[in-house]
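Every letter in the sequence shown is one number past the one before it in the working numbering, and letter 131, counting from 1, is 202. Where a beta carbon is used, it is the ideal one built from N, C-alpha and C, also for glycine. In what follows, a single structure is set out as structure tokens and then discussed.
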Amino acid sequence: MNITEHWINGRYFPAAGRTAPVTNPATGKVLGEVALATEDESNAAIAAATAAFPAWRDTSLTRRTQILFAFRELLNARKGEVAAIITSEHGKVLDDALGEVTRGQEVVEFACGIAHLLKGGYTENASTKVDVHSIRQPLGPVAIISPFNFPAMVPMWFFPIAIAAGNTVVIKPSEKDPTALNWIAELWKEAGLPDGVFNVLHGDKVAVDTLLTHPDIKAVSFVGSTPIAKYVYETATAHGKRVQSLGGAKNHMIVLPDADLDLAADAAVNAGFGSAGERCMAISALLAVGDIGDEFVAKIAARASSLRTGDGLRGCDMGPLVTAAHRDKVAGYIDAGEAAGATIVVDGRGVSPDSDGEGYFLGPTLFDKVSTDMSVYTDEIFGPVLSVLRVESYDQALEIINANPYGNGTAIFTNDGGAARRFENEVEVGMVGINVPVPVPMAYYSFGGWKNSLFGDTHAHGSEGVGFFTRGKVVTSRWLDPSHGGINLGFPQNA
Ligand code: NAD
């Protein structure tokens, strides 16, 4: 039996405890087992990161940067290998898997500039012959806990910057698709990263709880569903840690009457059904403004019906959902939407997938005339289900978005620059697209939502990521000089 083991201190760590099956969602076949860490195994990973920290913290920026560049080169040359692992365990089509690795690689490339990003300020003669400078230092061992839907990219939002800044990491990937992180761990070793700087701890709540409460872990970056994100934030902050905890989403796209409806329909289909809707930035609610509803729905329906659903290795447009239980949950939302009176325009429940075996498939599904009280609207479905809500005006559309408890991503489709500018200013969402349906920021900007989509103060990567993984220190210095003599017990003042 193939077992995905922990990677601790630069080598595989045979687990003595529990395991869980890892399945190929396109076939339903069990690929192997993943270790589920005990508390002792979790402590071993934390101990490795703690032991590696002093030397890594003191490793020169030149050397750290060389290792990052080497990692980037290896990743770029061999990313097809990890994309294939992602497709086999997650189910997303191969092109999409390659796309997520490439977006993660952008953060590695950003982190290659760490020497510049860590530069502090210097003030000469702040007071007479007194100089002041600022530095940023690493925090120590940090934990990264990631979701199933981006097994490589989401961890890569964090670890390149954490490591480049001099921290050591323990990563707890999703137990549903854990193997990509082991491949990445081996790549780090080949790139010359010292043992213990990058550790992979597989597991479930036992591993997570140990990371959230262990005194040696200084910071936690979490990404997952909102209830767990809230729990992680509250638990880890109560244990004195710095926390950024990214949660779920319900992303809206407004289409104004002046928009090009063909481009908007293409965008809606790509953003709604890409990765079978299992993206935190997927569009799930379309707000059709004015009298465009019939035409817009027809255009989306035509596109959705032409998509090929099946095994991600067979050149299909859309793969399976991650587990049978998740497929059934999403199908349950489709049943509920229909029962609540929404019009089902394209029904994915009867899909005939291009695959062998018993995969967890649902075809693209399109609802029209959805209202804000239906569960198909209120809940994060995380599947290939698009809902059209017909609204009379921009104001009504904005009100719906701003009343939603989530605030991850949103988009507006229009040719009216003034309307787009107003939307950018008024919408209460962290990432906004203007004629861009999935506005995932580039690595040098920061990724993060508002409201129930993020708990904490800092977003991922970009300058906020550098700030999160370092702490500031300001040094005031003077060197022996006769003018500094004398006794004065007063509070220091400028002179
Ligand atoms: P999840 O919350 O089930 O799991 C996320 C992580 O938490 C996993 O590593 C899992 O092992 C762990 N976990 C699960 N239950 C736990 C518990 N009771 N206690 C402690 N840890 C626990 O999420 P998922 O299903 O893997 O991922 C999908 C969710 O992630 C969606 O809600 C999606 O919107 C969200 N997501 C958000 C972003 C973002 O940037 N905001 C990005 C990707 C995914």
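| said: Quick test of the definition: if touching needs 3 or more C-beta pairs under 8 Å, does the segment 430 to 439 touch the segment 453 to 466? | reply: Contact between the segment 430 to 439 and the segment 453 to 466 is established, with three or more Cβ pairs separated by less than 8 Å.
| Nearest-angstrom Cα separation, counted from M389 out to E429 | 16 Å
| If G519 and I232 are in contact, beta carbons under 8 Å, what's the gap, nearest whole angstrom? | 14 Å between Cβ atoms; not a contact.
| query | Helix, strand or coil for R398 per DSSP? | reply | In the displayed model, R398 falls within a helix according to three-state DSSP.
| message | At a threshold of 8 Å, does N479 count as lining the ligand NAD (C-beta to nearest heavy atom)? | response | yes
| query | Thinking C-beta only, is A116 closer than 9 Å to G88? | reply | no
| task | Kindly give me the distance between the Cβ atoms of V503 and P512, rounded to whole angstroms, as I take these residues to be in contact under 8 Å. | result | Incorrect: roughly 10 Å between the Cβ atoms, too far for contact.
| said: I'd like the list of long-range same chain contacts for A122, defined as Cβ closer than 7 Å, with 5 residues on each side in sequence excluded. | reply: G267
| Is the beta carbon of Q176 sitting closer than 9 Å to the one on N220? | no
| task | At 3 residues or longer, and completely inside the segment 421 to 459: list those beta strand (DSSP E) runs for me, N to C. | result | 436 to 439
| Taking Cβ to Cβ, would you say F230 is nearer than 9 Å to I215? | yes
| query | Under three-state DSSP, which class holds L272? | reply | coil
| task | Go ahead and pull the three-state DSSP assignment for R493. | result | helix
| request: Give the straight-line distance between the Cα atoms of Q315 and K522, rounded to the nearest whole angstrom. | output: 13 Å
| Limits of the alpha helix (DSSP H) - the one that G543 falls within | Where G543 is concerned, there is no enclosing alpha helix (DSSP H), although the beta strand (DSSP E) it sits in stretches over 541 to 549.
| query | Going straight from the alpha carbon of S534 to that of L188, what length do you get? | reply | Roughly 8 Å between the two C-alpha positions.
| Beta-bridge partners of R461, as assigned by DSSP | A359
| In or out: L560 buried (at least 16 other Cβ within 10 Å) or exposed? | exposed
| query | Thinking C-beta only, is V294 closer than 9 Å to E349? | reply | no
| Beta carbon of I255 nearer than 9 Å to that of W127 | no
| said: Between P85, G381, V507, which has its C-alpha nearest L334's C-alpha? | reply: Checking every option, the nearest Cα to that of L334 belongs to V507.
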